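Position 75, counted from 1, in the sequence shown is what this note's numbering calls 214; the numbers after and before it change by one each time, with no gaps.
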Amino acid sequence: MLKRGAMVGAAVAMAIGFAAGPAAATDVGISLPNGRGTMKFIDDGDKFRVCDTKADGEGVTGYVRQLRADGRIVTILTIDDGGDAGCDEKETDLIGRTPHDMMLCWHGGGCVVSPVIRES
Numbered sequence: 140m141l142k143r144g145a146m147v148g149a150a151v152a153m154a155i156g157f158a159a160g161p162a163a164a165t166d167v168g169i170s171l172p173n174g175r176g177t178m179k180f181i182d183d184g185d186k187f188r189v190c191d192t193k194a195d196g197e198g199v200t201g202y203v204r205q206l207r208a209d210g211r212i213v214t215i216l217t218i219d220d221g222g223d224a225g226c227d228e229k230e231t232d233l234i235g236r237t238p239h240d241m242m243l244c245w246h247g248g249g250c251v252v253s254p255v256i257r258e259s
């Protein structure tokens, strides 16, 4: 009974989190632990920058994901960085008020996910 209540509570909290996302997008950034990499959404032009920040022989990959009304999460943009100088950057137009997020993964294992991003 307690386990079921915890699952329902987690589902409600996730739904509230998506609904409570920012009304308009602003710059949003996430970082991998131990200084392995960063990903940033730059609201000016809907740019996404991914940086491999540790010379450990492993790169990083950033994903821009759309959170659909039917519950599916769809990757709309992928950006890899590693093995070269500087960061990699791409642009994509976020669609209206559809919620999006970013996920940044280290090729050695492990990922982080951003808060929800919404355009106005």
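Backbone N, C-alpha and C fix where the C-beta goes; we use that ideal spot for every residue, glycine too.
Keep in mind that this is a model prediction, so the values were computed, not measured.
Please report the residue range of the beta strand (DSSP E) in which residue i lies.
i    : result
R188 : K186 to D191
H239 : H239 to W245
G201 : V199 to L206
D227 : D227 to E230
Which word fits residue i, buried or exposed, when buried means at least 16 other C-beta atoms lie within 10 angstroms of its C-beta?
i    : result
T200 : buried
P238 : buried
I218 : buried
R204 : buried
Can you tell me whether residue i is helix, strand or coil according to DSSP?
i    : result
G174 : helix
G217 : It is Thr, not Gly, that sits at residue 217 in the sequence shown. In this structure, T217 counts as strand in the three-state DSSP scheme.
E258 : coil
I169 : strand
I181 : strand
I234 : coil
G222 : coil
Residues bridged to residue i by DSSP?
i    : result
C250 : C244
On the three-pair Cβ rule with 8 Å, is the segment 169 to 184 touching the segment 239 to 249? Yes: at least three Cβ pairs fall under 8 Å.
Decide if the segment 214 to 228 is in contact with the segment 251 to 258; the criterion is three or more beta carbon pairs, one per stretch, under 8 Å apart. Counting Cβ pairs under 8 Å, fewer than three are found: no touch.
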